[in-house]
Amino acid sequence: MLRGTPDKDLGHKFVSSPIQLTRIDDLMPSQNVDTIGLKDILGDPLIKECWNFNFLFDLDFVMQHFDHDVRALVKLKIIHGFWKRDDAMRINLLQSGIPT
1483 MLRGTPDKDL GHKFVSSPIQ LTRIDDLMPS QNVDTIGLKD ILGDPLIKEC
1533 WNFNFLFDLD FVMQHFDHDV RALVKLKIIH GFWKRDDAMR INLLQSGIPT
């Protein structure tokens, strides 16, 4: 049944939820109804600044989701929890040149 339409049998009406689940690429479109992907969030060409919290498993992965035309202009702030100075992900982050 479509959201926002009455259920003829029960007289109920479904209301759209402000919560969306993460899209899973390996599922069929019928199983990804009302889902959202990272590109849906970061791909807006009007985005000027982005704060990422503990989203550091792959910086290249994050960057590819910004709109190509503005990718270099977005002020990206990374908030991380790497406390070990010799942590490989921390070193990779520091070498990327992205302010932390």
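By the count of my numbering, the sequence shown reaches residue 1582 at its end, each step adding exactly one. A virtual CB, placed ideally from N, CA and C, is assigned to each residue, including glycine.
1. Could you give the uninterrupted runs of the alpha helix (DSSP H) lying entirely in the segment 1517 to 1569, keeping only those of 4 residues or more?
2. Less than 9 Å separating the beta-carbons of L1558 and M1545?
3. Per DSSP, what are the beta-bridge partners of L1576 in this structure?
4. Using the C-alpha atoms, what's the distance from E1531 back to G1563?
5. One question on the structure: do F1548 and L1528 come within less than 9 Å of each other, judged by their Cβ atoms?
6. If you count every other CB in all the chains shown that lies within 10 Å of the CB of I1560, and 16 or more means buried, which is it?
The answer reads as follows:
1. The segment 1517 to 1569 contains these whole alpha helix (DSSP H) runs: 1520 to 1524 and 1541 to 1545.
2. Reading the sequence shown from its first residue, position 76 is the one you call residue 1558. Reading the sequence shown from its first residue, position 63 is the one you call residue 1545. Yes, Cβ-Cβ distance for L1558 and M1545 is below 9 Å.
3. Here residue 1576 refers to the residue found at position 94 of the sequence shown. L1576 pairs with nothing; no bridge assigned.
4. Taking the sequence shown and counting its residues from 1, one reaches residue 1563 at position 81. Taking the sequence shown and counting its residues from 1, one reaches residue 1531 at position 49. Their Cα atoms are separated by approximately 20 Å.
5. Translated into the one-based positions of the sequence shown, residue 1548 becomes position 66. Translated into the one-based positions of the sequence shown, residue 1528 becomes position 46. For F1548 and L1528, no; Cβs fall outside 9 Å.
6. Start at 1 with the first residue of the sequence shown, and residue 1560 comes out as number 78. So I1560 ends up on the buried side.
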